[in-house]
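S.K.:
In full-length UniProt numbering, the protein residues as written are 1 to 370.
1) Measuring CB to CB, does residue 167 end up less than 8 angstroms from residue 141?
2) By Cβ distance below 7 angstroms, which residues in the same chain neighbour residue 120 in space, the five residues on each side in sequence not counted?
3) Which first and last residues belong to the beta strand (DSSP E) in which residue 11 is found?
4) May I ask which residues mark the beginning and end of the beta strand (DSSP E) holding residue 359?
5) Looking at the structure shown, is residue 190 part of a helix, part of a strand, or coil, going by DSSP?
6) Considering only DSSP beta bridges, list what residue 130 is partnered with.
7) Would the beta-carbon of residue 226 fall within 8 angstroms of that of residue 192?
8) Go ahead and pull the three-state DSSP assignment for residue 283.
9) Residue 94: buried (16+ other C-beta within 10 angstroms of its C-beta) or exposed?
10) What did DSSP end up calling residue 250 once you bin it into helix, strand or coil?
11) Helix, strand or coil for residue 158? Go by DSSP, reduced to three states.
12) Are residue 65 and residue 42 close, meaning C-beta to C-beta below 8 angstroms?
13) Please list the segments of the alpha helix (DSSP H) lying wholly inside the segment 201 to 256, counting only runs of 4 or more residues, in order along the chain.
14) Cβ of residue 43 within 7 angstroms of any heavy atom in the ligand HEM?
15) Among 14, 237, 35, which one has its Cα closest to the Cα of residue 129?
16) Please classify residue 38: does DSSP put it in a helix, a strand, or coil?
17) For residue 190, collect the residues of the same chain with a Cβ closer than 7 angstroms to its Cβ; drop the 5 residues on either side in sequence, then sort them by chain order.
18) Return yes when the Cβ of residue 187 is within less than 8 angstroms of the Cβ of residue 154, no when it is not.
19) With 16 as the cutoff for other CB atoms within 10 Å, does residue 102 come out buried or exposed?
20) According to DSSP, is residue 346 part of a helix, a strand, or is it coil?
21) With distance defined between alpha-carbon atoms, name the residue in 261, 267, 354 nearest to residue 158.
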């Protein structure tokens, strides 16, 4: 038996049916009825697909279903064997096919990868709310752990400007759930003045009129100070049980993207960084912030991935930061995805709302660098 890194095997059972001549439609209907029976006896229905030959002609029917471990797969097999209805449909299928194959596949992690796949169906996506110290304050944070024992790699996930003090939009579980499905823990710190954390709200520190030099200087100073909280979050979470302290990365969007960049530049212990839309709403009107972000990027020592949607407020943060680092010794990736939604706001929220869009590319990046 081959196990994933944290001791949980992802099992996939695949069955392949070769119909007798002229029986393809009946085999498909019978397989569909078998899946309905599975649902009736409390099992997941699985997925049915049609396999074609080299000329594109329908040839065989396939069914498959994934399980988190050997015990779950055995329980499924036992439930089928105990069902008279399922045994009857098996006998019907036998008369319709020339050949039957059952394959059991066990997922293995990528070479040198810390990620391991997890089935999340039916699992709660609920974090542990904690307090962590940062520069004389006790800040709030939300720690999500995948199923299993660990130790898990972890991403420090940075929120944008919209988590105001007193909000009920606290922990952003959608991105955490995606990371958990990869076997990656996540920690979302509420930086000073946000959410459940004490401190001055950012709009009080950045009180000048938007577009002025004073606004530009105040915003750059505020975001730089906030990134100290991100560095403190990494230090705290690295000491928690079940977390691999040597495999912690950082990610975030908007103000959280800028904080990701600043924190990665300050703390080389971050293994990698994924920066979404940092300063996209401010880039065109804040030359000092642009300068500070370029300076931070020049100090990066870890692989970094810059990401945005084409209909964000400005895609210049991704294109210009990535271009400025091209050809250097640090691995840099960047991608501007096609427009996400109709408005600039919808494009700007790609990180929160577009996990199906960017997930495969970020997983590939974390497979290699986290």
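Quick reminder that beta carbons are idealized off the backbone N, C-alpha and C, glycines included.
M.R.: In brief:
1) Their beta carbons are not under 8 angstroms apart, which means residue 167 does not touch residue 141 by this criterion.
2) Answer for residue 120: 177, 180, 181, listed in chain order.
3) Unbroken beta strand (DSSP E) run through residue 11: 11 to 19.
4) Judged by DSSP secondary structure, residue 359 falls outside any beta strand (DSSP E) and instead within the alpha helix (DSSP H) spanning 355 to 369.
5) For residue 190, the three-state secondary structure derived from DSSP is coil.
6) Per DSSP, 141.
7) Judged by their CB atoms, residue 226 and residue 192 are nearer to each other than the 8 angstroms cut-off.
8) Looking at residue 283 - three-state DSSP - the assignment turns out to be helix.
9) Residue burial annotation: residue 94 is exposed, with fewer than 16 other C-beta atoms found within 10 angstroms of its C-beta.
10) In the structure shown, residue 250 sits in a strand (DSSP, three-state: E or B).
11) Three-state DSSP puts residue 158 in a strand.
12) Between residue 65 and residue 42, the C-beta gap is not smaller than 8 angstroms, which leaves the two residues out of contact.
13) For the segment 201 to 256, the full-length alpha helix (DSSP H) segments reaching 4 residues or more read 202 to 205, 213 to 237 along the chain.
14) Although the ligand HEM was asked about, the structure shown includes no ligands whatsoever.
15) Taking the Cα of residue 129 as reference, the smallest distance to any Cα among 14, 237, 35 is reached at 237.
16) Helix.
17) Leaving aside the five residues that flank residue 190 on each side, the residues in its chain whose CB is nearer than 7 angstroms to its CB run, in chain order, 139, 140, 141, 163, 196, 197.
18) Here residue 154 is near residue 187, since their CB atoms are less than 8 angstroms apart.
19) By the neighbour-count criterion, in which a residue is buried when 16 or more other Cβ atoms sit within 10 angstroms of its Cβ, residue 102 is exposed.
20) In the structure shown, residue 346 sits in a helix (DSSP, three-state: H, G or I).
21) When the alpha-carbon of residue 158 is set against those of 261, 267, 354, the nearest one is in 261.
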